[in-house]
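Residue numbers (our numbering), protein chains in the order written: chain A, 1 to 256; chain B, 1001 to 1273.
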């Protein structure tokens, strides 16, 4: 029985990892064909850094992710604070449901609806619309990570600060903020990774010339498969792995 | 109470970026193109047999993939939940890591693997086995769905199994229940909320995907997501695209209500309701 269980787990893990392993191996393959192994090469990695389309996409992906995570974290934290402190129960219920809505909605619907909104508001589809879209879909996730931290927070501390003459802004900055900071940082990292990984919503809300990596990979994979994508995949996988190990350490530390 | 200045900006934010965008989809779905005249023509057009066929095909493939994820994922979740404390967290992290890789790249990896001259066939040929050609078929699309969304099934079931009160199983054993009986009568019913949450988390992205179908199904392959994408980005018929989206949302809503009703009968502890 124990043997059966182990084999089953091994098969599942193989299923999950073989595609990733294959991509990594073929990123070092000298041959363009995937049927033969012609020796080790770093050529595709070198090509990657000469490829202006890929470098541009990398630039847009990172700048959008950093900006969107930052702004979404600010907006989400303030919104969570407002929901926690200043909303009536019935109001909170409606607001919570509306906050959940984009999380539950299929990405394609969110993407289309935002595209329609931007065109309706006469915002040109491009960098700005892409950034806005990313902020919009990140905010609920920040709220949903910050709100539980706020619920753990001892409200008496905040009340005491107000009684002692602190302004609400000052009390927030000096009392509430340091307490909920771990939640905020986790929310920001969450937003950052979601933003880096997003394809569907970006696909609908970007304009010509502004590609992030996901959009570029999609168009490259459709046109024809080139080994530089393998090299790109390997680097991205490593980057995300390192980033998420860092997040994981944070979360573990928060729990202690 | 009292300091409402912090509340209104978020109300405005939600109105502007959640309510109005969705409202626009409904607006386009129920008006004639380029006018504000109310019409049901778009919905009628979207309900034509051709599109209902595509919709049905999408629901069918996503449903089968969800079922497969359940059949494959449930035993895995049980193995994880029963593994020794020493390795458990590491095993869960190992399930999660592939999800951290860009979802397009994972799908693209299967394109590589399944290619006519790809590694899978090279290995099969090496052992003298017949090559398989499933790329650009339903099978490849389902494989892509199961591969991408399997962790979404395993993790919620795992977390429900972990929270389960172990003394119930001990009581069942004391009362003479065998392994199979206690699984059928206790473990499985109590894990249903996790199963329903997993089913929603697999079915939803699977039924709306246009990426997996485009990459693994080939250029002519159509799921409802592809039709919608095409209407918005290639053809530019927003009214019809919106009508299709409304229809798709209705189907998702119905299936979620269906699942949530059962999940309430189970234990009321589903992930979303």
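Using N, Cα and C, we set each Cβ at its ideal position, and we do this for glycine too.
1. Just to confirm the assignment, what range does the alpha helix (DSSP H) spanning residue 1180/B have?
2. Return the chain-ordered list of same chain residues with a C-beta closer than 8 Å to the C-beta of residue 1113/B, the five sequence neighbours on each side being excluded.
3. Quick one: which chain A residues come within Cβ less than 7 Å of residue 1018/B?
4. Could you name the residues of chain A that residue 1358/B contacts, counting a contact when the two beta carbons are closer than 8 Å?
5. With C-beta atoms as the reference, is residue 237/A less than 9 Å away from residue 194/A?
6. Put residue 1036/B into one of helix, strand or coil per three-state DSSP.
7. Taking Cβ-Cβ distances shorter than 7 Å, what residues in chain B pair up with residue 240/A?
8. Can you round the beta-carbon distance between residue 125/A and residue 41/A to whole angstroms, since I take them to be within the 8 Å contact cut?
9. I need the straight-line Cα distance from residue 1266/B to residue 1190/B, nearest angstrom please.
10. Return the Cβ separation of residue 191/A and residue 141/A in integer angstroms, given the expectation that the two are a contact with Cβ distance under 8 Å.
11. If we define contact as Cβ-Cβ less than 9 Å, is residue 1048/B a contact residue for chain E?
12. Rounded to whole angstroms, how far is the Cβ of residue 211/A from the Cβ of residue 9/A, which I believe are closer than 8 Å?
13. So, is the C-beta of residue 1167/B closer than 9 Å to a C-beta in chain A?
14. Can you check whether the C-beta of residue 1202/B is within less than 9 Å of a C-beta belonging to chain A?
15. Does the CB of residue 1007/B have a neighbour CB from chain A at under 9 Å?
16. Who are the Cβ neighbours of residue 215/A in its own chain at under 8 Å, not counting the five residues just before and after it?
17. Going by Cα to Cα distance, which pick from 1258/B, 1256/B, 1245/B is closest to residue 1051/B?
18. Taking residue 120/A as part of the alpha helix (DSSP H), name the residues at either end of that continuous run.
19. Quick one, which of 63/A, 183/A, 143/A has its alpha-carbon nearest residue 92/A's?
20. Under three-state DSSP, which class holds residue 51/A?
21. Classify residue 1266/B as helix, strand or coil using the three-state DSSP reduction.
22. So, at 7 Å on beta carbons, what are the nonlocal neighbours of residue 1081/B in its own chain, with the 5 sequence-adjacent residues on each side left out?
23. Over the uninterrupted alpha helix (DSSP H) stretch that includes residue 1149/B, give me the two end residues.
24. Ordered along the chain, which non-local residues of its own chain (more than five positions away) have a Cβ less than 7 Å from that of residue 1229/B?
25. Find the nearest neighbour of residue 1069/B within the set 1149/B, 1169/B, 1167/B, judged by alpha-carbon distance.
26. Express the C-alpha separation of residue 107/A and residue 1260/B in angstroms, rounding to a whole number.
27. Just curious, the alpha helix (DSSP H) that residue 183/A is in, first and last residue?
28. Can we say the segment 1042-1056 of chain B touches the segment 1116-1136 of chain B, given the rule of at least three CB pairs closer than 8 Å?
29. Is any beta-carbon of chain A found at less than 9 Å from that of residue 1252/B?
30. Measuring alpha carbon to alpha carbon, tell me which residue in 239/A, 29/A, 27/A, 209/A is nearest residue 53/A.
31. How is the alpha helix (DSSP H) around residue 148/A delimited, first residue to last?
32. Indicate whether the contact test is met: 3 or more Cβ pairs, each with one atom in the segment 1018-1035 of chain B and one in the segment 1130-1148 of chain B, closer than 8 Å.
33. Leaving out five residues before and five after residue 1038/B in sequence, what residues of the same chain have Cβ atoms less than 7 Å from its Cβ?
34. Taking only the alpha-carbon atoms, compute the straight-line gap between residue 36/A and residue 46/A and give it to the nearest angstrom.
35. Buried or exposed: residue 1174/B, going by 16 or more other Cβ atoms within 10 Å of its Cβ?
36. Check whether the segment 1197-1205 of chain B touches the segment 1250-1259 of chain B, counting contact only when three or more Cβ pairs, one atom from each stretch, lie closer than 8 Å.
By the coordinates alone:
1. 1179-1182
2. Result list for residue 1113/B: 1119, 1120, in chain order.
3. 98, 101, 102
4. The displayed coordinates of chain B run from 1001 to 1273. Any statement about residue 1358/B would go beyond what the structure contains.
5. Result no, Cβ atoms of residue 237/A and residue 194/A do not sit closer than 9 Å.
6. coil
7. 1100, 1101
8. Between residue 41/A and residue 125/A the Cβ distance is about 39 Å, and since that is not below 8 Å, they are no contact.
9. For residue 1266/B, the predicted structure reports a pLDDT of 45, less than 50, and the residue's modelled location is therefore unreliable. The matter cannot be settled from this model.
10. 6 Å
11. This model lacks chain E altogether, as its protein chains are A and B.
12. Actually they are not in contact, since the Cβ atoms of residue 211/A and residue 9/A sit about 39 Å apart, beyond 8 Å.
13. Not an interface residue.
14. Chain A, which has no Cβ nearer than 9 Å to the Cβ of residue 1202/B, makes this no.
15. yes
16. Excluding positions up to five away in sequence, the list reads 57, 199, 202, 203, 206.
17. 1245/B
18. 107-120
19. 143/A
20. The DSSP-derived three-state label of residue 51/A is coil.
21. Confidence in residue 1266/B is poor, its pLDDT being 45 and thus under 50, which makes the residue's placement unreliable; the coordinate value appears in the next sentence. In the structure shown, residue 1266/B falls within a helical segment according to DSSP collapsed to helix, strand and coil.
22. 1158, 1161, 1162
23. 1138-1163
24. Result list for residue 1229/B: 1210, in chain order.
25. Taking only the C-alpha atoms, the option nearest residue 1069/B is 1149/B.
26. 21 Å
27. 177-197
28. no
29. Residue 1252/B counts as touching chain A.
30. When only C-alpha atoms are compared, the closest one is 209/A.
31. From DSSP, the alpha helix (DSSP H) with residue 148/A extends over 127-152.
32. no
33. 1030, 1031
34. 21 Å
35. exposed
36. yes
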